[in-house]
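In my numbering, the protein residues as written are 29 to 171.
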């Protein structure tokens, strides 16, 4: 499970050093793709495969599933982190997420998310009030 918030920087070659506490679980390979709210999702390869299997189970006649699959898979980039725990974020994904040099990398349970630092700060400021009010609807029965 991925937890926590980290603030790495993107280097001049578009590489990100993964947080040390995430490296073991991501060492076998990652898939980076477009996420919601203009962030990037980073999945360990087995988790990406699980999601791909779920998407394949959707009927081809399901318009929303086709549309989601097209963007999700077409934008995906797979690679194995180097010995220093670095991954390269392709230009089209950096552009999608509006990534500058300063990033925020968060653990989001089964995935890692990469955000531009300013975009994350804005998202968090807008979402924290809602967070206090939505627990009951998200977790049936509450905590």
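Just so you know, even glycine gets a beta-carbon here, dropped at the ideal spot from N, CA and C.
Please report how far the alpha carbon of residue 106 lies from the alpha carbon of residue 86, in whole angstroms. Taking the chain shown and counting its residues from 1, the one referred to as residue 106 is at position 78. Taking the chain shown and counting its residues from 1, the one referred to as residue 86 is at position 58. Distance between the alpha carbons of residue 106 and residue 86 is about 23 Å.
For residue 45, which of helix, strand or coil comes out of DSSP? For the purposes of this step, residue 45 is taken as residue 17 along the chain shown, with counting starting at 1. In the structure shown, residue 45 sits in a strand (DSSP, three-state: E or B).
My understanding is that residue 66 touches residue 126, with C-beta atoms under 8 Å, so please give their C-beta distance in whole angstroms. For this step, residue 66 is matched to residue 38 along the chain shown. For this step, residue 126 is matched to residue 98 along the chain shown. So it is a contact: roughly 6 Å between Cβ atoms.
Return helix, strand or coil for residue 134, following the three-state DSSP convention. Looking up residue 134 in the chain shown gives position 106. Note: residue 134 maps to strand in three-state DSSP.
When you compare only the Cα positions, how much space is there between residue 116 and residue 161? Along the chain shown, read from residue 1 onward, the residue named residue 116 stands at position 88. Along the chain shown, read from residue 1 onward, the residue named residue 161 stands at position 133. Each residue's Cα considered, the two are about 37 Å apart.
When the Cα of residue 70 is compared with those of 146, 41, 134 and 148, which residue comes out closest? Within the chain shown, residue 70 is the residue found at index 42, counting from 1. Ranking the options by Cα distance to residue 70, first place goes to 134.
Give the single residue among 156, 157 and 121 whose Cα lies nearest to the Cα of residue 63. Indexing the chain shown from 1 puts residue 63 at position 35. Out of 156, 157 and 121, 121 has the C-alpha closest to the C-alpha of residue 63.
Residues that DSSP places opposite residue 106 in a beta bridge: As a first step, residue 106 is located in the chain shown; it is residue number 78 there, counting from the start. Paired residue(s): 59.
Continuous alpha helix (DSSP H) stretch holding residue 75: start and end: For the purposes of this step, residue 75 is taken as the residue at position 47 of the chain shown. It spans 73-84 - the alpha helix (DSSP H) in which residue 75 sits, taken as one unbroken run.
DSSP on residue 114, reduced to helix/strand/coil? Against the chain shown, residue 114 aligns to sequence position 86. The answer is strand: DSSP assigns residue 114 an E or B state.
State the DSSP-derived secondary structure class of residue 34, mapped to helix, strand or coil. Residue numbering aside, residue 34 sits at position 6 when the chain shown is read from its first letter. Note: residue 34 maps to strand in three-state DSSP.
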